[in-house]
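Asks: Residue numbers (our numbering): 34 to 516.
#1: Just the Cα atoms here: how many angstroms apart are residue 143 and residue 235?
#2: For the putative contact between residue 109 and residue 313, defined by C-beta atoms under 8 Å, what is the C-beta separation to the nearest angstrom?
#3: If you follow the beta strand (DSSP E) that residue 495 is in, where does it begin and where does it stop?
#4: On a Cα-Cα basis, can you pick out the residue from 264, 249 and 232 that is closest to residue 243?
#5: Counting only the same chain and skipping the five closest in sequence on each side, list residues whose C-beta sits under 8 Å from that of residue 279.
#6: State the Cα-Cα distance for the pair residue 417 and residue 67, rounded to the nearest angstrom.
#7: If you measure between the beta carbons of residue 181 and residue 441, is that distance less than 7 Å?
#8: Going by alpha carbons, who is nearest to residue 101 out of 374, 471, 333 and 384?
#9: What are the boundary residues of the alpha helix (DSSP H) that includes residue 201?
#10: Does DSSP put residue 375 in a helix, in a strand, or in coil?
#11: Give the list of continuous alpha helix (DSSP H) stretches no shorter than 4 residues that lie fully inside the stretch 217 to 280.
#12: May I have the straight-line CA-CA distance separating residue 215 from residue 178, to the nearest angstrom?
#13: Answer yes if the stretch 456 to 467 comes into contact with the stretch 399 to 415, meaning at least three C-beta pairs across the two stretches below 8 Å, and no otherwise.
#14: Roughly how many whole angstroms lie between the Cα atoms of residue 510 and residue 308?
#15: Is the separation between the beta-carbon of residue 166 and that of residue 160 shorter than 7 Å?
#16: I need the DSSP call for residue 359, collapsed to helix, strand or coil.
#17: Output needed for residue 489: all residues of its chain with C-beta closer than 6 Å, excluding positions within five of it in sequence on either side, in chain order.
#18: Since residue 341 contacts residue 311 with CB under 8 Å, what's their CB separation in whole angstroms?
#19: Reducing DSSP to helix, strand and coil, say where residue 157 ends up.
#20: Using DSSP with H/G/I as helix, E/B as strand and the rest coil, what is residue 437?
#21: Residue 179 by DSSP, collapsed to three states: which one?
#22: Using the beta-carbon count (16 or more within 10 Å), is residue 201 buried or exposed?
#23: Taking 8 Å as the limit between beta carbons, can you name the residues of its chain near residue 398, skipping five residues before and five after?
#24: Quick one: Cα of residue 133 to Cα of residue 288, how far?
#25: Closest to residue 285 by C-alpha separation, out of 266, 458, 232 and 462, would be which residue?
#26: For the stretch 398 to 458, list the beta strand (DSSP E) runs that are entirely contained and at least 3 residues long, ordered along the chain.
#27: Would you call residue 148 buried or exposed, if buried means 16 or more other Cβ atoms sit within 10 Å of its Cβ?
#28: Leaving out five residues before and five after residue 296 in sequence, what residues of the same chain have Cβ atoms less than 8 Å from its Cβ?
#29: Measuring only the C-alpha atoms, how far is residue 79 from residue 300?
#30: Name the one or two DSSP bridge partners that residue 195 has.
#31: For residue 374, which residues in the same chain have their Cβ closer than 8 Å to its Cβ, ignoring the five residues on either side in sequence?
#32: Can you find at least 3 beta carbon pairs, one from the stretch 418 to 429 and one from the stretch 476 to 491, that sit closer than 8 Å?
#33: Mind reading off the beta-carbon distance from residue 293 to residue 451? Whole number of angstroms is fine, and I expect it under 8 Å.
#34: Specify, as a first and last residue, the run of the beta strand (DSSP E) that residue 215 falls within.
#35: What are the partner residues of residue 92, as DSSP defines its beta bridges?
#36: Using C-beta distances below 7 Å, list every residue in its chain close to residue 97, excluding the 5 sequence neighbours before and after it, in chain order.
Here it is as structure tokens:
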């Protein structure tokens, strides 16, 4: 990305023009807050949509029916999937005195491996934060450290913010995130190569925050069964180890299918042909709760909205697509970039990509130093990540200034990514923008699906903003032919 100046943003250096250059999301029957929230609740009602699982497949069917009800013709694109889904897990230990203890497990380690029905029994070895020690034939105990970070550490990525004082105001806000994988989780494959038979990860999180963490969510299949404990149970286990040798029985039963498949969905809406190419509106269909992935509800609202605008006013084609494999490792599924390359007829027509993810989130963090997440009363920071076109960056910043969102930044790509599902198209060189947040509870599997941490009105405002931005982009005369 080249240099984008605040002056260019404020002076409107890029003409928008086109027949959709009006705030169409406010004028053309965009879904109301209750309808949008109904879709989020419907999604959560299916239960966790683990990649390729029964609930995920039912949700994909629902998305297909909903798109069809708007008059769209929906295509399915089957893609290969290495399927893994945990059914049951437990941990018991026998201490040096011969006493048995049941250790509550905070969560299983996704895609780690599986055990026989009776589990695996072996002596424990504690490697802490390292990988040293004799691990052959043992179950390894290792720390999963969550790096302490603040929002100020990401200031260099930001090219625009609303309010303008946001960077200074939020500089010291806690942004310690398990899902970010910093530092990386202990290497299961390396432990297996050294002869370990299982692993117990100790999360540096309070029990209520560690419970149900589906992390690492893109863990490569390792063939080494593993579970995770919260900090209290980790300390309890280490107290037992301090008294002498401990033997553990680890059980993790999982359904697996290395030759499974799962479908992408895509529905195209033709425009009037005045603008070249297609704007792809993309999110993913798999997810654990009401955050992951409520972008699907936003895309439904966007599809419904644009089908109600006469074709004569739609300058470019639109394509609404749902990836089914965000919660899987790249070597176990097909990501959006690879999917586009597998479908060159579609890839050649994509002029730009818009990706909504994780909308309506409120901020919960440990800024009070209590050792657990508490609500701050603020919206979680929303990032509008933009890549591959400075004019798109300027458009996004101007739309942000003109709209009703707060605590929102326009940001450059980060470490070769565009923060989420937009990464694949971004790496293909396609002008891409994502609207995404990253709360601490992003990946939690919980009975309430984290719906209580979402703000339906905020979700609606953010979805409406993305819709208006898509309308402006679809009409932009400067958006050239597909790359």
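Heads up, the beta-carbon is just placed ideally off N, CA and C, and yes, glycines get one too.
Replies: The short version:
#1: Locating residue 143 in the chain shown gives position 110, where the first residue counts as 1. Locating residue 235 in the chain shown gives position 202, where the first residue counts as 1. If you take the alpha carbons of residue 143 and residue 235, they lie about 14 Å apart.
#2: Counted from its first residue, the chain shown places residue 109 at position 76. Counted from its first residue, the chain shown places residue 313 at position 280. That belief does not hold up - the Cβ atoms of residue 109 and residue 313 are roughly 17 Å apart, past 8 Å.
#3: Taking the chain shown and counting its residues from 1, one reaches residue 495 at position 462. Where residue 495 is concerned, there is no enclosing beta strand (DSSP E), although the alpha helix (DSSP H) it sits in stretches over 489 to 508.
#4: Here residue 243 is taken as the residue at index 210 of the chain shown, counted from 1. When each option's Cα is compared against that of residue 243, the closest is 264.
#5: Stepping through the chain shown from its first residue, residue 279 is reached at position 246. 126, 127, 128, 129, 156, 157, 270 and 273, listed in sequence order.
#6: As a first step, residue 417 is located in the chain shown; it is residue number 384 there, counting from the start. As a first step, residue 67 is located in the chain shown; it is residue number 34 there, counting from the start. Cα to Cα, residue 417 sits roughly 25 Å from residue 67.
#7: Translated into the one-based positions of the chain shown, residue 181 becomes position 148. Translated into the one-based positions of the chain shown, residue 441 becomes position 408. Contact: no.
#8: Taking the first residue of the chain shown as position 1, residue 101 is located at position 68. Checking every option, the nearest Cα to that of residue 101 belongs to 333.
#9: As a first step, residue 201 is located in the chain shown; it is residue number 168 there, counting from the start. 199 to 202 is the extent of the alpha helix (DSSP H) around residue 201.
#10: Along the chain shown, read from residue 1 onward, the residue named residue 375 stands at position 342. Residue 375: helix per DSSP, three-state reduction.
#11: 221 to 226, 240 to 243 and 264 to 275
#12: Taking the first residue of the chain shown as position 1, residue 215 is located at position 182. Taking the first residue of the chain shown as position 1, residue 178 is located at position 145. Cα-Cα distance, rounded: 8 Å.
#13: no
#14: The count along the chain shown starts at 1 and reaches residue 510 at position 477. The count along the chain shown starts at 1 and reaches residue 308 at position 275. Spanning the two alpha carbons is a distance of roughly 7 Å.
#15: The residue labelled residue 166 in the question sits at position 133 within the chain shown. The residue labelled residue 160 in the question sits at position 127 within the chain shown. Cβ atoms of residue 166 and residue 160: closer than 7 Å.
#16: Sequence index remark: in the chain shown, residue 359 carries index 326 (1-based). Three-state DSSP puts residue 359 in coil, outside helix and strand.
#17: In the chain shown, the residue the question calls residue 489 occupies position 456. Correct list, in chain order: 66 and 70.
#18: Against the chain shown, residue 341 aligns to sequence position 308. Against the chain shown, residue 311 aligns to sequence position 278. That pair is no contact at about 19 Å.
#19: Locating residue 157 in the chain shown gives position 124, where the first residue counts as 1. Looking at residue 157 - three-state DSSP - the assignment turns out to be strand.
#20: Locating residue 437 in the chain shown gives position 404, where the first residue counts as 1. In the structure shown, residue 437 sits in coil (DSSP, three-state: anything other than H, G, I, E or B).
#21: The sequence position of residue 179 within the chain shown is 146, counting from 1. In this structure, residue 179 counts as coil in the three-state DSSP scheme.
#22: What you label residue 201 is simply residue 168 of the chain shown in a count that begins at 1. The residue in question, residue 201, is exposed, as its Cβ has fewer than 16 Cβ neighbours within 10 Å.
#23: Position 365 of the chain shown, counted from the start, is the residue given in the question as residue 398. Closer than 8 Å at Cβ, skipping near neighbours: 206, 207, 208, 209, 406, 407, 409 and 473.
#24: Taking the chain shown and counting its residues from 1, one reaches residue 133 at position 100. Taking the chain shown and counting its residues from 1, one reaches residue 288 at position 255. Near 28 Å, if we compare the C-alpha coordinates of residue 288 and residue 133.
#25: As a first step, residue 285 is located in the chain shown; it is residue number 252 there, counting from the start. Closest by alpha carbon: 232.
#26: 407 to 412, 415 to 420 and 441 to 444
#27: Counting from one through the chain shown, the residue named residue 148 turns up at place 115. It is buried - the Cβ of residue 148 has at least 16 other Cβ atoms within 10 Å.
#28: Here the question's residue 296 lines up with position 263 in the chain shown. Cβ neighbours of residue 296 beyond the five flanking positions: 93, 109, 110, 111, 112 and 357.
#29: What you label residue 79 is simply residue 46 of the chain shown in a count that begins at 1. What you label residue 300 is simply residue 267 of the chain shown in a count that begins at 1. The straight-line gap from Cα to Cα measures roughly 23 Å.
#30: For the purposes of this step, residue 195 is taken as the residue at position 162 of the chain shown. Residue 195 pairs with 441.
#31: Taking the first residue of the chain shown as 1, we reach residue 374 at position 341. For residue 374, where only same-chain residues beyond five positions count, the Cβ hits under 8 Å are 380 and 461.
#32: no
#33: For the purposes of this step, residue 293 is taken as the residue at position 260 of the chain shown. For the purposes of this step, residue 451 is taken as the residue at position 418 of the chain shown. Actually they are not in contact, since the Cβ atoms of residue 293 and residue 451 sit about 28 Å apart, beyond 8 Å.
#34: As a first step, residue 215 must be located in the chain shown, where it is residue number 182. Counting along the chain, residue 215 falls outside any beta strand (DSSP E), and DSSP gives it neither H nor E.
#35: Reading the chain shown from its first residue, position 59 is the one you call residue 92. Per DSSP, none; premise fails for residue 92.
#36: Within the chain shown, numbered from 1, the residue matching residue 97 stands at position 64. Closer than 7 Å at the Cβ level, and outside the excluded window around residue 97, lie 107 and 298.
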